[in-house]
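Scroll down for the structure; my scribbles are underneath it.
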Amino acid sequence: MNEKGMSAFSFQNEAWQRFSNGYSGMVVAPTGFGKTYSIFLAVIIDFFNHPQNYKSGLKLIWVTPLRSLAKDLARAMQEAIDEIGLDWVVEVRNGDTDFKQKMRQTKNMPDILLVTPESLHLLLAQKEHQRFFKNLQCVAIDEWHELLSTKRGVMVELALAALKFENSKIKIWGITATIGNLDQALEVLIPDATKRTKVVAKEQKKIEILSVYPPEVEILPWAGHLGGKLVQEVVPIILNSKSTLIFTNTRSQSEMWYQLLLEAYPDFAGQIALHHSSIDANLRQWVEENLSSGLLKAVVSTSSLDLGVDFKPVDTVIQIGSSKGVARFMQRAGRSGHSPFETSKIYFVPTHSLELIEASALKEAVRLRIIEHREPFVLAFDVLVQFLVTLALGGGFYPDQFFPVIKNTYAFSEMTKDEWKWCIYFITQGGKTGKNYEEFHKVVPQVDGKLIVEKRKIGMLHRMNIGAIVSDSMLRVKFLSGGYVGMIEEYFISKLHKGDKFILAGRVLEYAMLKEMTVYVKSSSGKAITPSWLGGRLPLSSNLSFFLRKKLAESLSPNAREKELRFLHPLLANQNKFSHIPKEDEFLVEQIKTREGYHLFFYPFEGRLVHEVMAGLLAYRISKLYPISFSMAMNDYGFELFSDREIKLSEKDLHQILSKENLMQDVISSVNATEMARRKFRDIAVISGMVVQTMPGRQVNNKSLQSSSGIIFSVLEDYDPENLLLRQAYTEVFNQQLEEARFVRAFERISTSKIVYIFSDRFTPLSFPIKVDSLRQSLSSEDLATRIRKMQENNLKKKSRKE
DNA sequence: GACCTGCTGCGGCGTG
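Positions 1 to 803 (UniProt numbering) are the ones given, in order, by the first sequence.
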């Protein structure tokens, strides 16, 4: 604020004025513009304007998705309050808070409390929690866009509904970065339309995107995703900056880049560090602190540093490989540039040639500010039944009284009365199959109809398992001499023998033994393998897909002035010469005959996930025309159906298999939906409390988690097919795994496109990366190298024959 | 000439 008491940006004034007028709402602004501060300030100003509303006890609850954000924020808030001379106390309450502190808070709440969604639920699980919220004025939800499309977002919705039920005066304020569906985000957060407002900053952060090029186009590989060839171009960028964040897409990629940088410039030793989710929390914290203190020159990270560096600005950001989405790219870019008026600079390092088209697509999407939607999660019954037990534990509730409260949330607005009754049946009787098992009868109706948890043990187990995050299957990695390094996948370690060396957290470790879910290691040096983790796949967003197709279509036009496209010209000309470059209203299919057999390539540019389903569907549809089976491969741009038998497919057949008729029926016939649902059910079983993940003193390991949830799944399939949680598993498969909506849209687009069907006897720049990917899945790396060499030789031979 | 893959996040035993 300046001396007149006005804030730097008009949206900040707008926010506190609306706040003081009794509105709930949502503030939208880029990182670094003080949107967080604006709500904090609104509460303080409101206090001075309406002191009679502010009685003793908790006044403001601040919800953040990250514990690390809470700590910095609490400090900043307390400092500001002390400066004003107010006697308010700001405290954090989450998993990091020690027991004594929690006890003190339970007795005597601070004025402002910073929590996670989980710890807010834990507060609601306490008896007589109403006393905490009696004088509460406002609940602020920070980084709402991060929570919106997740089950943790549903937790927030439910907690807010319960708080509003107890104290209707509470104002709800969300704080969010820009996303495509802001109005919907507001509606989800504040379903009640009266006195609801959206405050959007007019200011935008300027973003400059700089592609990094090799000296010549030939150096960039056609396929691949490591990008190691460009390390010599990256070193000077780091050297010319004070502090640099280097974002990679996967944990193993970050480990490899850390090594690459050290090899390319050994003086980086001690000046650069690594940060990802499988590295020990203490080590990560050290890295974060030393990045802001200036001790570290660069940190290689995954999206573990997407959030949480608000107070630790850096001057340069480098993105290795495609970010797969516009919002993520902008968020990462926003990590650089100290002041809101400074331009955020982000260097884009392509890992293969075609990724330069993604760079040009990103540039246009960022210029037009076309940012992805975040779809709100709806009808997560696993989260609901967990929450109902939480309420029963926190003093109890009357089902008839609470039905409209839950129904009023966005997530459960479509819930029927029968579904609600089923949820009550589930928490009291365990559903149809739980009748004879007392541990599923968690909640007991009292004479007056109130539902409560009676048993102490059930309450304790429930509190220990509150939350919507189900842990991955990981083993701890520890030094024999003591000291924790990080986490590693069980299957990766199973391939290792005593004495083998691997890399974690940038250190070379020698495998000593495996004992009780812990891998013991010795410090070592020399050549070592980099582990891989089975994490989630970053799907290519449909926004980026759209611009990617557009840029590719324009790539050879004389108007294409972008440097990225000009640079790629030789490669694109090659694609055009031997096959075709699809225009925006075209859909390219290539049939390529090689010594191995027959390859059919399709290029929807819809991302791996969608392609996986499409490949299965098309293989199924072709096999209905005549008996043939295929192996499949895919990347973000397209997919391959391969057979050693000739693929007889006319242009008319092609139209038929690409038709949108009976689309979802055929998808269901072509995928193993039961198996997919079984995998989804694992999380649902844990969240709904059918399977207990954490027992006092121990964590249930993944194998037994998988098997017990698998057994329950089979039992329900046989004896209780109407079970709501079982049905939810199938719905999640369709919404997330199969991305039904996007899938249907893709087919609608294809069906109105002109199909271009090309025959070739050599791999094209578009098909080559998919082929390499398919080989990698089936072959060891030495075999792969030989095969790739053969493929090159074949392509070259054909080339010389033609010329 | 072309290779080395899959993200993130939370919580909890115990007392007065």
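Every residue, glycine too, gets a C-beta built ideally from N, C-alpha and C.
Secondary structure of Tyr37 (DSSP, three-state): helix.
No residue range can be given for Pro604, since it is assigned to no beta strand (DSSP E) and is classified by DSSP as neither H nor E. Judged by beta-carbon spacing, Tyr258 lies beyond the 8 Å limit of Gly32, meaning their Cβ atoms are not closer than that value. Annotation for Leu295: no beta strand (DSSP E) segment contains it, and DSSP assigns it neither H nor E.
By the criterion of a C-beta distance shorter than 7 Å, Tyr398 is surrounded in its chain by Gly449, Lys450, once the five residues flanking it on both sides are discounted.
In the DSSP secondary-structure assignment, Arg196 is bridged to Ser24. Phe99 sits exposed, since fewer than 16 C-beta atoms from the chains shown fall within 10 Å of its C-beta.
A direct Cα-to-Cα measurement between Ala298 and Lys527 gives close to 24 Å.
Contact check for Phe602 against Ile592 fails: the beta carbons are separated by 8 Å or more.
Apart from sequence neighbours up to five positions away, the residues of its chain that approach Trp62 with a beta-carbon distance below 6 Å are Leu114, Ala140, ordered along the chain. Between Gln319 and Val349 the beta-carbon gap is near 7 Å, inside 8 Å, which marks them as a contact. With a cut-off of 8 Å on Cβ pairs, the stretch 555-573 is not in contact with the stretch 502-521, counting fewer than three such pairs. With 16 or more neighbouring CB atoms inside 10 Å of its own CB, Ala365 falls in the buried class. Your pair Thr351 and Leu226 checks out as a contact, with CB atoms roughly 6 Å apart and the cut at 8 Å.
Spatial neighbours of Tyr437 in its own chain (CB-CB distance under 7 Å, excluding positions within 5 residues in sequence) are listed in chain order as Gly430. For the pair Ser56 and Asp267, the Cα-to-Cα distance works out to about 57 Å. For Pro404, the enclosing alpha helix (DSSP H) starts and ends at 399-407. Shown here for Leu663: same chain residues with a beta carbon closer than 7 Å to its own, the five before and five after excluded, namely Val744, Phe747 in chain order. DSSP places Gln319 within a strand segment (E or B) once states are collapsed to three. The straight-line gap separating the alpha-carbon atoms of Pro65 and Arg131 is approximately 25 Å. Bridge partners of Leu210 according to DSSP: Tyr347. For a cut-off of 8 Å, the C-beta gap from Leu393 to Cys423 is around 16 Å, too long to register as a contact.
Taken atom to atom, the span from the alpha-carbon of Ser650 to that of Leu641 is near 15 Å. Thr518 is bridged by DSSP to Arg476, Lys515.
Counting only the Cα atoms, Glu255 lies some 32 Å from Pro340. Within the stretch 556-582, the runs of alpha helix (DSSP H) that reach at least 4 residues and sit entirely inside it are, in chain order, 563-567, 569-578. Separation of Gln446 and Ile452 (C-alpha to C-alpha, rounded to the nearest whole angstrom) is 7 Å.
DSSP, read as helix, strand or coil, puts Arg93 in strand. Going by DSSP, Met415 is part of no beta strand (DSSP E) at all; its letter is neither H nor E.
Looking at the DSSP output, Thr176 bridges to Val28. The C-alpha of Gly597 lies about 11 Å from the C-alpha of Ser631. Annotation for Ile190: Ser24, Ile172, Arg196 place their beta carbon closer than 6 Å to its own, counting only its chain and skipping 5 residues before and after.
Looking at the backbone, the Cα of Val188 and that of Trp286 are separated by about 37 Å. Phe642: member of the beta strand (DSSP E) spanning 639-643, first to last residue.
With a 10 Å radius around the Cβ and a threshold of 16 neighbouring Cβ atoms, Glu722 comes out exposed.
The alpha carbon of Lys652 has as its nearest neighbour, out of Ala573, Ser751, Glu564, the alpha carbon of Ser751.
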